[in-house]
Amino acid sequence: MTTPIQHSTPESSPTAAEPKFGTGVRAARFVVGLLGAGIAGYGLLGLPTQLGPAQLLGLLFWLACGVVLHDGILVPLTSLAGAGLNRFTFGLGSASAAVLRGALMVGAMLSLLTGILVRAQSVARNTSVLEMDYLAHLAWLWLALALGAAAVIYLLERRAGRFARAGFSQQNTRP
Amino acid sequence: MNRLTDALAAKFASPVRSTRLSVVLGRWLGLTFTVCFATGLFSHGLQNPPGWMFFPTRPVWIYQLTQGVHITSGIASIPLLFAKLWSVYPELLSWPPVRSVVHAVERGSIALFVSASLLQVLTGLINTYKWYPWPFPFRETHYWLSWVVWGSLLLHIAVKLPLIAANWRRAREPANPESTTTVPAAAELTAPDPGGQQQMRSGRGTAGAVSRRWSRRGFLAAVGVTTGTVVLGTAGQSFAWLSPVNFFAPRKMGTGPASVPVNRTAADAKVGPLAQNPGWTLKVSYRGKSRSLTLSELAALPQTEHQLPIACVEGWSQSARWRGVRIRDLVQAMGAVPESDLLVTSLEPEGAYRLMTMPAVYTADEKTLVALELNGEVLDLDHGYPARIIAPGRPGVLQTKWLQSLEIL
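Those protein sequence lines, which keep their order, are chains A and Z. Residues in the first sequence are numbered consecutively from 1119, following this note's numbering. Residues in the second sequence are numbered consecutively from 471, following this note's numbering.
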């Protein structure tokens, strides 16, 4: 990064977009905000009526863990993966790259879901719950995604004529 | 510190991470959260009815629909929530973290909103797997957190209303022919924005990378396809027409004894010997009078057959043929009016659903049965042998199995 970073105006600052709203919008904003705070407060006050101190502490721990796992691990990892992908897809057209990224997003989401399903299978007990072979289904999904994405990318690239040019990967390299 | 957050912001900067993207994703997520909240409250109201609660019995699949929609919209919220949080991630790194008391309150409310939302959708999902790895009771926590999440959603909308309104105004202006490819989108994103509404989240100067990244619309399409795939792959547990593509749901239709899945087995309920006792009778009582009916006496009464779905709070459902005695006939035989509340007791020695109160509207309904048969077979022990309740439009946990007594209130 050669240019210095300039922070964009924070969205929440009054100068960002406060302006030109009539009293109607301001009143609506106030009412919705107050209503929201009241409803959220109702939920927060309701929790200790049915959860004991140890359960509330457990809940707080789980709330914090969710944010740490998501913000500290999941997003940085997916962002890194996305950045790494740039190095592999620079020869492709933008539509093809989007198809590839879309296929990876579908696969990643269903892999996460399958991971939880398989873990639950090893601990949950019941006769007619979690009966399916989810890993096999996931494998088929990845196969379908790979074939589908490859076919669409092939068609897109052929239409764009990139296959016709020799050494296309050099022609679309980074500036 | 500024240099560090600048460097981090630059790492996570992307023209796709724009206010407009957040507004569009927020619209989708606001819809799924609201549908999920409304259907969840309906289910909660059926199980813990306030005085004003209404109990619709038609269409008979009403609860199958609302609870299927509840679980499905909750599952759809997972990729949408991930995408929404991804779109605003650089906000997390903004520096200084707190600029004023109001800003601190706003960030605190967002922290609560984000953490409660993540926990709500993920524990909701895992609950449908009948797996409870957390140290708090699911049902109560899920209920109260739903108020926290939806209230925080309204508060968040109020705080961000100027940005949301600005994007709506912008959307109503004559549309730019925006291609689905990244290049025009990149041009749009890097062009000076007169209203300042099309903000790219922290970190400028990445325009050179734009052509190799995807556009906002490409990203939204991918999020839409991901959400659609997750929904299609799981909603077949609730909706029969999607069952052929049910590959990732915890339940599937047509399994279990008599082709109907089981939630709580006789072994779980520790009810086997009691239910299989040859001397079993169903005690029906009203104003001090009582009558005990043996299984053969029940079977000798006029039998009625109905096609009714059984729909569980965990979202799965199964339509089936139920045959048995109309409960209104039993109530009338005791000299009571059919429009009577009932207290139904199961043989289960313990459990949250051992006792069930049936509001009069279900008692009076001609489709509410003391069922003795399911899909042409004598009830399986796991389905509630020797007799169970089946009523239209009620949550599965209230379709009491292994009946012991009916008290007309």
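Beta carbons are placed, not taken as given, at the ideal position from N, Cα and C, and that holds for glycine. Keep in mind the model is a prediction, meaning the values are calculated, not measured.
Helix, strand or coil at residue i [DSSP, three-state]
i                : result
Q537 of chain Z  : helix
S816 of chain Z  : strand
R791 of chain Z  : strand
R858 of chain Z  : strand
E847 of chain Z  : strand
L563 of chain Z  : coil
L778 of chain Z  : strand
R761 of chain Z  : strand
S1197 of chain A : helix
Y756 of chain Z  : strand
Y796 of chain Z  : Reading the sequence as shown, one finds Arg at residue 796 of chain Z and not Tyr. It is a strand residue.
P748 of chain Z  : coil
P865 of chain Z  : strand
Q773 of chain Z  : coil
T870 of chain Z  : coil
A841 of chain Z  : strand
E784 of chain Z  : coil
S810 of chain Z  : coil
T827 of chain Z  : strand
E836 of chain Z  : coil
L876 of chain Z  : strand
Residue i at chain A interface by Cβ criterion, 8 Å
i               : result
V833 of chain Z : Residue 833 of chain Z is actually Thr in this sequence, not Val. No, T833 of chain Z lies away from the interface with chain A (no Cβ there is under 8 Å from its Cβ).
L631 of chain Z : yes
E610 of chain Z : yes
V715 of chain Z : no
P549 of chain Z : yes
S622 of chain Z : yes
Y559 of chain Z : yes
F606 of chain Z : yes
A822 of chain Z : no
K554 of chain Z : no
A635 of chain Z : yes
W614 of chain Z : yes
Y599 of chain Z : yes
T699 of chain Z : yes
W498 of chain Z : no
I780 of chain Z : no
Cutoff 8 Å: residue i Cβ touching any chain Z Cβ
i                : result
R1219 of chain A : yes
L1274 of chain A : no
A1145 of chain A : no
A1158 of chain A : yes
G1161 of chain A : yes
V1270 of chain A : no
V1150 of chain A : yes
L1195 of chain A : no
G1184 of chain A : yes
A1267 of chain A : no
A1215 of chain A : yes
S1229 of chain A : no
T1141 of chain A : no
G1164 of chain A : yes
A1155 of chain A : yes
I1234 of chain A : yes
G1176 of chain A : yes
Beta-carbon spacing of residue i, residue j below 8 Å
i                : j                : result
V591 of chain Z  : S492 of chain Z  : no
W531 of chain Z  : P779 of chain Z  : yes
L752 of chain Z  : L873 of chain Z  : yes
H1188 of chain A : L555 of chain Z  : yes
V867 of chain Z  : V783 of chain Z  : yes
V1247 of chain A : Y599 of chain Z  : yes
W786 of chain Z  : S708 of chain Z  : yes
A586 of chain Z  : V693 of chain Z  : no
G863 of chain Z  : P526 of chain Z  : yes
A1158 of chain A : G544 of chain Z  : no
R487 of chain Z  : P560 of chain Z  : yes
T833 of chain Z  : P808 of chain Z  : yes
E814 of chain Z  : L876 of chain Z  : Residue identity check: residue 814 of chain Z is Val in the sequence provided, not Glu. The answer is yes: Cβ separation under 8 Å.
L588 of chain Z  : V1185 of chain A : yes
L1174 of chain A : L1165 of chain A : yes
V801 of chain Z  : V840 of chain Z  : no
L1218 of chain A : I1271 of chain A : yes
Cβ-heavy atom distance, residue i to the ligand COA, below 7 Å
i               : result
L842 of chain Z : Among the ligands in the structure shown, none appear at all, so the ligand COA cannot be discussed.
At 4 residues or longer, and completely inside the segment 1202-1282 of chain A: list those alpha helix (DSSP H) runs for me, N to C.
-> You should have 1212-1241 and 1252-1278.
In chain order, what residues of the segment 1236-1265 of chain A put their CB closer than 7 Å to some CB of chain Z?
-> Hits within the stretch, in order: A1238, V1241, A1242, N1244, T1245, S1246, V1247, L1248, E1249, M1250, Y1252 and H1255.
Quick one: which residues of the segment 716-734 of chain Z get their C-beta closer than 7 Å to a C-beta of chain A? List them in chain order.
-> Per Cβ criterion, the list reads F717, F718, P720, R721, K722, T725, G726, P731 and V732.
Can you list the alpha helix (DSSP H) stretches of 4 or more residues lying completely in the segment 1150-1186 of chain A, in chain order?
-> 1171-1185, all fully within the segment 1150-1186 of chain A.
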